[in-house]
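Undergrad: All you need for our numbering is the position in the first sequence, starting with 1, plus 15. Where is the CB? At the ideal position from N, CA and C, for every residue including glycine. Quick caveat, the model's predicted, so the values are computed rather than measured. Here's a structure for you.
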Amino acid sequence: MAFNKDLASRLEEMAAMLELLGENRFRVNAHAKAARVVRDQTRDLSTLDADELKAIDGIGKGMAERVAELRDTGEIADHDELLDRVPGGLLDVLEVPGLGPKTVKLMWDDLGIIDIAGLKAAIEDGSLAKLPRMGAKTIENIRSSLAFAASAGKRVPMGVAMPIAERIVAHVRAVDGVTRCEYAGSLRRGKDTIGDLDVLCVAEDGEAVREAFCTMPGVVDVIARGDTKCSVRLKMEWDLGRWSGALSEDDLGPTIQADLRLVPAASWGAALMYFTGSKEHNVRLRERSLKMGYTLNEYGLFPEDTTTDEPPQKRGVEAVAGESESEVYGKLELAWIPAEAREDRGELEMTQDEAEYIVELADIKSELHAHTTASDGKMSIEELAEAAQERGFHTIAVTDHSRSSAIAGGLEVDRLMEHIEAVKAADRKAKGIRILCGSEVDILADGSLDYDDDVLAQLDVVVASPHAALKQEGEVATKRLIRAMENRYVHVLGHPTGRLIGRREGLQPDMSAVIAAAVEHGVALEINAHWMRLDLRDSHVLAAVQAGANIAIDCDVHHPDDYDNLRYGVLTARRGRVPRGLCVNAWPARKLLKWLKARRA
DNA sequence: CTTGCGCACAAGCCCCACGTGGACGTGGG
Numbered sequence: 016m017a018f019n020k021d022l023a024s025r026l027e028e029m030a031a032m033l034e035l036l037g038e039n040r041f042r043v044n045a046h047a048k049a050a051r052v053v054r055d056q057t058r059d060l061s062t063l064d065a066d067e068l069k070a071i072d073g074i075g076k077g078m079a080e081r082v083a084e085l086r087d088t089g090e091i092a093d094h095d096e097l098l099d100r101v102p103g104g105l106l107d108v109l110e111v112p113g114l115g116p117k118t119v120k121l122m123w124d125d126l127g128i129i130d131i132a133g134l135k136a137a138i139e140d141g142s143l144a145k146l147p148r149m150g151a152k153t154i155e156n157i158r159s160s161l162a163f164a165a166s167a168g169k170r171v172p173m174g175v176a177m178p179i180a181e182r183i184v185a186h187v188r189a190v191d192g193v194t195r196c197e198y199a200g201s202l203r204r205g206k207d208t209i210g211d212l213d214v215l216c217v218a219e220d221g222e223a224v225r226e227a228f229c230t231m232p233g234v235v236d237v238i239a240r241g242d243t244k245c246s247v248r249l250k251m252e253w254d255l256g257r258w259s260g261a262l263s264e265d266d267l268g269p270t271i272q273a274d275l276r277l278v279p280a281a282s283w284g285a286a287l288m289y290f291t292g293s294k295e296h297n298v299r300l301r302e303r304s305l306k307m308g309y310t311l312n313e314y315g316l317f318p319e320d321t322t323t324d325e326p327p328q329k330r331g332v333e334a335v336a337g338e339s340e341s342e343v344y345g346k347l348e349l350a351w352i353p354a355e356a357r358e359d360r361g362e363l364e365m366t367q368d369e370a371e372y373i374v375e376l377a378d379i380k381s382e383l384h385a386h387t388t389a390s391d392g393k394m395s396i397e398e399l400a401e402a403a404q405e406r407g408f409h410t411i412a413v414t415d416h417s418r419s420s421a422i423a424g425g426l427e428v429d430r431l432m433e434h435i436e437a438v439k440a441a442d443r444k445a446k447g448i449r450i451l452c453g454s455e456v457d458i459l460a461d462g463s464l465d466y467d468d469d470v471l472a473q474l475d476v477v478v479a480s481p482h483a484a485l486k487q488e489g490e491v492a493t494k495r496l497i498r499a500m501e502n503r504y505v506h507v508l509g510h511p512t513g514r515l516i517g518r519r520e521g522l523q524p525d526m527s528a529v530i531a532a533a534v535e536h537g538v539a540l541e542i543n544a545h546w547m548r549l550d551l552r553d554s555h556v557l558a559a560v561q562a563g564a565n566i567a568i569d570c571d572v573h574h575p576d577d578y579d580n581l582r583y584g585v586l587t588a589r590r591g592r593v594p595r596g597l598c599v600n601a602w603p604a605r606k607l608l609k610w611l612k613a614r615r616a
């Protein structure tokens with residue numbers, strides 16, 4: 016939804032500018048929270064009236080007026096006024112890691128710095144060093160942030176970050192005396208993009224781990240090296256297998272920051288919770304702790320005693336919990352909350368049963384979206400089925416592209432008919448797995464489908480997906496997707512928006528309307544598991560689940576390795592708290608087949 | 001600026017490591 020996105024970025028800018036101007040921090044936070052809430056909304060906010068807007072948590076009178084203002088005039092007067100008072104380039108300066116609002120304001124007031132170019136000049140001529148708290152190390156870190164500007168602070172797709180994190184963890188675990196090591200942060204929460212990597216470890220010999228971490232292959236810069244925390248920048252090509260290092264100065268490509276935290280064994284659970292986040296989730300937990308007479312930090316959950324500022328662990332206060340996450344959640348009278356759900360989106364209200372019923376990787380027993388050499392896949396029908404069977408699946412659907420996807424080798428009707436026969440023959444021969452014939456049918460720009468109904472009727476499974484006209488207006492897109500789902504032969508709405516992370520925005524339909532239509536027609540909404548797609552995205556999944564829509568988690572298999580992407584799809588599903596009962600791929604074969612047939616009855 | 005309680009106003013988001021410089025800003029979740 017273009018409107019929500021526009022609104023959210025304006026509110027974010029307002030928060031940043033208010034902060035730079037030293038305004039009331041609650042006002043700043045209110046704008047930042049409103050921006051976050053707006054971004055998570057599945058409804059197009061321009062279609063809501065004032066009362067509906069104010070019903071949203073975080074949106075009050077003032078914000079509701081701003082929404083109406085943007086809808087009616089295309090502008091927000093307060094936003095424009097702030098832009099007049101704050102030079103635009105300062106917002107870029109604020110983005111530089113190591114610089115916060117106080118410092119940026121000081122640089123602006125004292126040195127007249129209003130953009131990145133001014134900052135660079137102030138570093139070179141030494142004037143920056145004259146500001147308070149600008150020591151050699153800090154300036155060096157700013158300089159290095161600027162040198163890596165192309166990538167520093169930029170988020171990378173989860174699928175790129177994951178292999179890097181796994182190698183770091185393996186590297187650290189190989190150090191003598193390391194008893195535990197895991198990655199935490201947004202990667203553990205399964206966010207679609209990752210800002211940096213957080214690695215926790217328990218070690219007998221801290222110095223050995225620090226040394227191993229700061230000198231591991233791929234490190235191009237050590238930002239901090241303290242007793243319990245080290246930060247480095249890593250060259251990104253790591254994930255491409257260039258593990259062996261041998262980097263020259265002019266070889267610097269995109270980098271990602273990785274932090275190592277050394278924690279005491281007794282604090283493992285508390286530390287893992289703290290570094291897993293999200294920040295918002297942690298804040299909720301700490302508020303709850305205080306209300307229950309505890310204080311929570313990364314060392315543990317402690318009985319609250321308010322007499323001193325010194326942290327409890329330093330005074331020898333005994334923690335009531337801290338060794339494991341479930342122990343801490345338990346003392347707070349909460350279910351253990353899956354890491355992926357820790358976003359302050361209502362997860363604290365989950366019961367133990369709800370938490371345990373969330374779908375997991377081992378539950379997935381079928382794949383409903385796969386391609387063969389008949390269109391743009393790399394495997395034959397048999398190879399596809401064999402790979403599915405190795406994963407323990409009971410059903411695989413062969414869904415090659417339809418005719419409009421010419422570049423992807425889409426099938427004309429006569430070829431589709433031959434293909435159906437080939438699939439049926441393979442299914443008759445196959446043992447222990449059911450091979451269904453299907454199609455990934457293009458949803459054309461107007462919402463009509465690429466094959467006629469009499470053709471679709473001959474298929475066991477129809478996945479309908481948008482591939483072209485992905486820049487059309489949101490309202491047109493909403494109608495397009497709904498019209499496709501109204502067709503009684505459609506089972507799954509494939510990658511509903513067509514977004515590609517970091518590359519293409521995709522359709523911006525009114526997702527609430529799309530979800531409502533999916534529920535009405537019994538169509539499953541797909542979470543396309545490829546890490547470049549993850550489409551539906553997490554916030555859409557949560558809204559779909561709350562509306563009771565069925566969810567399909569599919570790998571959109573083209574190549575044998577594509578099955579490995581399932582983990583990313585499942586992480587996204589868990590962020591949306593998908594229960595097993597709503598995930599069609601987690602159903603037993605009989606239930607799945609019954610559902611496929613029932614849609615057409 | 002929002003929420004909650006109650007119709008005008010108070011309270012709101014925590015707790016820690018690091019670097020700099022001696023108390024504060026930033027970044028971490």
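(1) Applying the criterion that 16 or more other CB atoms from any shown protein chain within 10 Å of the CB defines a buried residue, is Glu358 buried or exposed?
(2) Go ahead and pull the three-state DSSP assignment for Lys439.
(3) Would you call the segment 134 to 147 in contact with the segment 221 to 241, where contact means no fewer than 3 C-beta pairs closer than 8 Å?
(4) In its own chain, which residues sit with a C-beta less than 7 Å from the C-beta of Ala532, not counting the 5 before and 5 after it?
(5) Can you tell me whether His482 is buried or exposed, with buried defined as 16 or more other CB within 10 angstroms of its CB?
(6) Select from Met394, Lys206, His384 the residue whose C-alpha is nearest the C-alpha of Thr670.
(7) I need the boundaries of the alpha helix (DSSP H) containing Asp469, first residue and last residue.
(8) What are the start and end residues of the beta strand (DSSP E) that includes Ile450?
(9) In this structure, does DSSP put Ala385 in helix, strand or coil?
(10) Enumerate in chain order the residues of its own chain whose CB-to-CB distance from Glu427 is below 8 Å, with the five nearest sequence positions on each side excluded.
(11) From Gly513 to Asp457, what does the alpha carbon distance come to, in whole angstroms?
(12) Could you tell me which whole alpha helix (DSSP H) segments of length 4 or greater appear in the segment 264 to 321?
(13) Work out the CA separation of Glu348 and Ala47 for me, nearest whole Å.
(14) Under the DSSP definition of a beta bridge, which residues are partnered with Cys229?
(15) Leaving aside the five residues before and after Arg406 along the sequence, list all residues of the same chain whose C-beta is less than 7 Å from its C-beta, in chain order.
(16) To which residues of the same chain is Ala588 closer than 7 Å at the C-beta, ignoring the five residues directly before and after it?
(17) Let me check one thing: in DSSP terms, what residues is Glu541 bridge-paired to?
(18) Would you call the CB atoms of Leu316 and Gly337 closer than 8 Å?
(19) How would you write the range of the beta strand (DSSP E) that His416 sits in, first residue to last?
(20) State the start and end residues of the unbroken beta strand (DSSP E) segment that holds Glu197.
(21) Can you give the Cα-Cα distance for Glu362 and Ile352, rounded to whole angstroms?
(22) Can you give the Cα-Cα distance for Lys250 and Ile183, rounded to whole angstroms?
(23) Here's the rule: buried if 16 or more other CB atoms are within 10 angstroms of the residue's CB, otherwise exposed. What is Arg615?
(24) Measure the C-alpha to C-alpha separation of Trp602 and Ala218 and round it to an integer number of angstroms.
(25) So the candidates are Arg301, Asn44, Lys306, Val247; which of them puts its Cα closest to the Cα of Glu313?
(26) Identify which residue in Arg40, Leu36, Leu63 has its Cα closest to the Cα of Phe18.
(27) Gly37: which of Gly75, Leu97, Val52, Ile91 sits nearest, CA to CA?
(28) Could you check if Ser304 is buried or exposed, using at least 16 other CB atoms within 10 Å of its CB as the buried criterion?
(29) Less than 6 Å between C-beta atoms, sequence neighbours within five positions excluded: which residues of the same chain meet that for Glu34?
(30) With 16 other CB atoms within 10 Å as the buried threshold, where does Phe228 fall?
TA: For this structure:
(1) Taking the first sequence and counting its residues from 1, the one referred to as residue 358 is at position 343. By the 10 Å Cβ count, Glu358 comes out buried.
(2) Sequence index remark: in the first sequence, residue 439 carries index 424 (1-based). Correct three-state label for Lys439: helix.
(3) A contact between stretches requires three or more CB pairs, one per stretch, nearer than 8 Å, and the segment 134 to 147 fails this requirement with the segment 221 to 241.
(4) As a first step, residue 532 must be located in the first sequence, where it is residue number 517. Within its own chain, the residues whose Cβ lies closer than 7 Å to the Cβ of Ala532, once the five positions on either side in sequence are excluded, are Ile497, Met500, listed in chain order.
(5) Against the first sequence, residue 482 aligns to sequence position 467. By the 10 Å Cβ count, His482 comes out buried.
(6) Nothing about residue 670 can be read from this structure; the chain reaches only from 16 to 616.
(7) As a working note, residue 469 is residue 454 in the first sequence. Run containing Asp469: 468 to 471, per the alpha helix (DSSP H) assignment.
(8) By one-based count along the first sequence, residue 450 stands at place 435. Following the DSSP letters along the chain, one finds Ile450 inside the beta strand (DSSP E) bounded by residues 449 to 457.
(9) Locating residue 385 in the first sequence gives position 370, counting from the first residue. Strand, per DSSP.
(10) If you number the first sequence from 1, residue 427 lands on position 412. Once the five neighbours on either side are set aside, the close Cβ partners of Glu427 are Arg418.
(11) The sequence position of residue 513 within the first sequence is 498, counting from 1. The sequence position of residue 457 within the first sequence is 442, counting from 1. Taking the straight line joining both Cα atoms gives about 12 Å.
(12) Along the length of the segment 264 to 321, whole alpha helix (DSSP H) runs at least 4 residues long occupy 283 to 291, 294 to 306, reported in chain order.
(13) Here residue 47 refers to the residue found at position 32 of the first sequence. Here residue 348 refers to the residue found at position 333 of the first sequence. Their backbone Cα atoms lie some 30 Å apart in a straight line.
(14) Your numbering for residue 229 matches position 214 in the first sequence. Beta-bridge pairing links Cys229 to no other residue.
(15) Mapped onto the first sequence, residue 406 falls at position 391. Tyr578.
(16) Your numbering for residue 588 matches position 573 in the first sequence. For Ala588, where only same-chain residues beyond five positions count, the Cβ hits under 7 Å are Val374, Ile542, Val556, Ile566, Ile568, Cys598.
(17) Here residue 541 refers to the residue found at position 526 of the first sequence. Note: Glu541 sits in a beta bridge opposite Ala567.
(18) Taking the first sequence and counting its residues from 1, the one referred to as residue 316 is at position 301. Taking the first sequence and counting its residues from 1, the one referred to as residue 337 is at position 322. A contact, by the Cβ cut-off of 8 Å.
(19) Within the first sequence, residue 416 is the residue found at index 401, counting from 1. Annotation: the continuous beta strand (DSSP E) that includes His416 extends over 410 to 416.
(20) As a working note, residue 197 is residue 182 in the first sequence. That run of the beta strand (DSSP E) goes 193 to 198.
(21) Within the first sequence, residue 362 is the residue found at index 347, counting from 1. Within the first sequence, residue 352 is the residue found at index 337, counting from 1. Approximately 7 Å between the Cα atoms of the pair.
(22) Position 235 of the first sequence holds residue 250. Position 168 of the first sequence holds residue 183. Computed Cα separation, rounded: 13 Å.
(23) Here residue 615 refers to the residue found at position 600 when the first sequence is read from its first residue. With fewer than 16 Cβ atoms within 10 Å of its Cβ, Arg615 is classed as exposed.
(24) The residue labelled residue 602 in the question sits at position 587 within the first sequence. The residue labelled residue 218 in the question sits at position 203 within the first sequence. So the alpha carbons of these two residues sit roughly 43 Å apart.
(25) As a position in the first sequence, residue 313 is number 298, starting the count at 1. Looking at the Cα atoms, Arg301 is the closest of the given residues.
(26) Residue mapping note: residue 18 aligns to position 3 of the first sequence, counting from 1. Among Arg40, Leu36, Leu63, the Cα nearest to that of Phe18 is on Leu63.
(27) What you label residue 37 is simply residue 22 of the first sequence in a count that begins at 1. The residue with the shortest Cα to Cα distance from Gly37 is Leu97.
(28) Reading the first sequence from its first residue, position 289 is the one you call residue 304. Classified as buried, Ser304 has 16 or more neighbouring CB atoms from the shown chains inside 10 Å of its CB.
(29) The residue given as residue 34 occupies position 19 in the first sequence. Cβ within range, chain order: Val43, Pro116.
(30) Start at 1 with the first residue of the first sequence, and residue 228 comes out as number 213. Answer is buried; the Cβ neighbour count reaches 16.
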